[in-house]
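Engineer:
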Ligand code: NAP
């Protein structure tokens with residue numbers, strides 16, 4: 004039985020877990036395979052049932068590992084994958100999606116994202132996504148690494164308003180989206196999917212996160228993740244290839260940072276006061 008954890012709403016009202024799991028760099032080292040599968044399955048048991056992957060990761064190897072990890076658990080999971088921009092043409096996206104479905108050993112994706120903007124016109128990609136939706140191959144579609152002007156352009160394309168989310172680099176050390184992109188998404192009732200929520204394990208060596216972590220008996224990773232989870236309209240997909248990290252991340256859901264702790268964080272990791280271009284990892 005899977006736990007019910009905190010959730011956010013997609014624009015159509017469907018609830019999805021606020022804390023999910025990423026998979027980048029999984030399935031690439033045979034020696035790590037068993038631990039990665041165990042970590043993903045442990046996360047699902049805890050209720051972190053939203054799982055993000057991409058055809059790019061390990062050039063399909065990550066989707067293959069995830070397909071294995073989902074054995075017997077697929078129906079509990081909100082499964083997300085991403086298409087390469089060069090595969091995002093009207094017809095190419097059908098073939099790319101079929102390949103992802105095969106590797107993931109599933110009949111459909113819950114969400115399919117354009118990994119980042121490439122040279123294919125957005126109108127074509129939207130047409131391709133909508134055809135996949137009509138065919139029952141995907142339930143929802145969205146984008147990734149789209150800045151505010153890209154979102155505006157997407158809304159001007161026929162069918163563009165069916166986009167349900169934008170997966171972006173957002174964490175305590177990368178707060179640029181707070182200036183205009185997060186407000187834009189909130190206005191359009193689209194939750195933001197925060198990738199690299201613990202900054203790909205590159206958080207600064209010394210910051211107010213250390214004091215908060217020490218006072219709370221937690222790790223800086225847990226504090227950084229709790230900070231992201233505390234932001235309204237944001238859900239997060241930390242990647243953890245070890246069961247102990249999955250348990251630690253799950254516990255971050257319980258941590259509610261106080262106003263003083265948030266203020267200390269703001270003095271070091273300053274909120275943006277002007278537009279910053281969207282960063283990509
Ligand atoms: P991340 O989740 O911020 O960090 C992952 C790193 O942090 C791993 O080295 C992991 O170690 C470590 N870690 C996680 N939880 C920890 C904990 N509680 N204690 C200590 N270490 C911990 O970075 P990410 O993988 O870049 O981002 C997450 C997911 O977002 C990706 O896996 C991918 O699905 C997605 N993503 C999307 C894009 C995009 O362009 N759309 C870009 C980047 C990422 P272990 O693995 O050893 O546990």
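Numbering (the working numbering), first residue to last: 4 to 284.
Heads up, the beta-carbon is just placed ideally off N, CA and C, and yes, glycines get one too.
In the stretch 44-87, which residue ranges form an unbroken beta strand (DSSP E) of at least 3 residues, counting only runs that do not cross its ends?
Structural biologist: At a cut-off of 3 residues, the continuous stretches assigned as beta strand (DSSP E) that sit fully inside the stretch 44-87 are 53-55 and 81-86.
Engineer: From residue 21 to residue 94, what does the alpha carbon distance come to, in whole angstroms?
Structural biologist: The count along the chain shown starts at 1 and reaches residue 21 at position 18. The count along the chain shown starts at 1 and reaches residue 94 at position 91. Going from the Cα of residue 21 to the Cα of residue 94 covers about 33 Å.
Engineer: Tell me which residue opens and which closes the beta strand (DSSP E) that residue 195 is part of.
Structural biologist: Counting from 1 along the chain shown, the entry for residue 195 is found at position 192. Segment 195-198, the beta strand (DSSP E) holding residue 195.
Engineer: Which same chain residues end up closer than 7 Å to residue 115 when comparing Cβ atoms and leaving out the 5 residues on each side of it in sequence?
Structural biologist: Here the question's residue 115 lines up with position 112 in the chain shown. Excluding residues within five positions, the ones whose Cβ falls inside 7 Å are 84, 86, 100, 132, 135, 141 and 144.
Engineer: So the candidates are 174, 90, 40 and 182; which of them puts its Cα closest to the Cα of residue 128?
Structural biologist: Position 125 of the chain shown holds residue 128. It is 90 whose Cα lies nearest to the Cα of residue 128.
Engineer: So does residue 240 have its beta carbon nearer than 8 Å to some heavy atom of the ligand NAP?
Structural biologist: Position 237 of the chain shown, counted from the first residue, corresponds to residue 240. Yes, the Cβ of residue 240 comes within 8 Å of a heavy atom of the ligand NAP.
Engineer: May I ask you to check if the CB of residue 244 is nearer than 8 Å to at least one heavy atom of the ligand NAP?
Structural biologist: Stepping through the chain shown from its first residue, residue 244 is reached at position 241. Answer for residue 244: yes, Cβ within range of the ligand NAP.
Engineer: If we ignore side chains and look at the alpha-carbon of each, how far apart do residue 19 and residue 213 end up?
Structural biologist: The sequence position of residue 19 within the chain shown is 16, counting from 1. The sequence position of residue 213 within the chain shown is 210, counting from 1. Roughly 31 Å separates the two Cα atoms.
Engineer: Does the beta-carbon of residue 4 have 16 or more other beta-carbons within 10 angstroms, so that it is buried, or is it exposed?
Structural biologist: Against the chain shown, residue 4 aligns to sequence position 1. The predicted model places residue 4 with a pLDDT of 43, which falls under 50 and marks its position as unreliable; any figure quoted below should be read in that light. Per the 10 Å Cβ criterion, exposed.
Engineer: Expressed to the nearest angstrom, what Euclidean distance is found between the alpha-carbon atoms of residue 146 and residue 166?
Structural biologist: Indexing the chain shown from 1 puts residue 146 at position 143. Indexing the chain shown from 1 puts residue 166 at position 163. Approximately 7 Å, taken between the alpha carbons.
Engineer: So, is residue 30 buried or exposed, given that buried needs 16 or more other C-beta atoms within 10 angstroms?
Structural biologist: Mapped onto the chain shown, residue 30 falls at position 27. That one is buried.
Engineer: In whole angstroms, what separates the C-alpha of residue 107 from that of residue 60?
Structural biologist: Counting from one through the chain shown, the residue named residue 107 turns up at place 104. Counting from one through the chain shown, the residue named residue 60 turns up at place 57. Between residue 107 and residue 60, the C-alpha separation is close to 13 Å.
Engineer: Quick check: does the Cβ of residue 224 come within less than 8 Å of any heavy atom belonging to the ligand NAP?
Structural biologist: The residue you call residue 224 lines up with position 221 of the chain shown. Indeed, a heavy atom of the ligand NAP lies less than 8 Å from the Cβ.
Engineer: Report whether the distance from the Cβ of residue 42 to the nearest heavy atom of the ligand NAP is below 8 Å.
Structural biologist: Start at 1 with the first residue of the chain shown, and residue 42 comes out as number 39. Checking the Cβ of residue 42 against the ligand NAP gives yes.
Engineer: Note down the Cα distance separating residue 43 from residue 189, rounded to an integer number of angstroms.
Structural biologist: Stepping through the chain shown from its first residue, residue 43 is reached at position 40. Stepping through the chain shown from its first residue, residue 189 is reached at position 186. Those two C-alpha atoms are separated by around 30 Å.
Engineer: Can you give the beta carbon distance from residue 149 to residue 120, rounded, assuming they're within the 8 Å contact cut?
Structural biologist: To locate residue 149, count along the chain shown from 1; it is residue 146. To locate residue 120, count along the chain shown from 1; it is residue 117. Going by Cβ atoms, the distance from residue 149 to residue 120 rounds to 7 Å, so yes, they are a contact pair.
Engineer: Please confirm whether any heavy atom of the ligand NAP lies closer than 8 Å to the CB of residue 237.
Structural biologist: Counting from 1 along the chain shown, the entry for residue 237 is found at position 234. No, since every heavy atom of the ligand NAP falls outside the 8 Å radius drawn around the Cβ of residue 237.
Engineer: Hey, would you say residue 231 sits closer than 9 Å to residue 200, going by beta carbons?
Structural biologist: Translated into positions along the chain shown, residue 231 becomes position 228. Translated into positions along the chain shown, residue 200 becomes position 197. Yes, the Cβ-Cβ distance between residue 231 and residue 200 is below 9 Å.
Engineer: Among residues of its own chain, excluding the 5 on either side of residue 278, which ones have a beta-carbon nearer than 7 Å to its beta-carbon?
Structural biologist: Along the chain shown, one-based indexing puts residue 278 at 275. Closer than 7 Å at Cβ, skipping near neighbours: 182 and 183.
Engineer: Looking at the structure shown, is residue 113 part of a helix, part of a strand, or coil, going by DSSP?
Structural biologist: Here residue 113 is taken as the residue at index 110 of the chain shown, counted from 1. The answer is strand: DSSP assigns residue 113 an E or B state.
Engineer: Suppose you measure from the CA of residue 159 to the CA of residue 228; what does that come to, to the nearest Å?
Structural biologist: Residue mapping note: residue 159 aligns to position 156 of the chain shown, counting from 1. Residue mapping note: residue 228 aligns to position 225 of the chain shown, counting from 1. Answer to the nearest angstrom: the Cα atoms are 34 Å apart.
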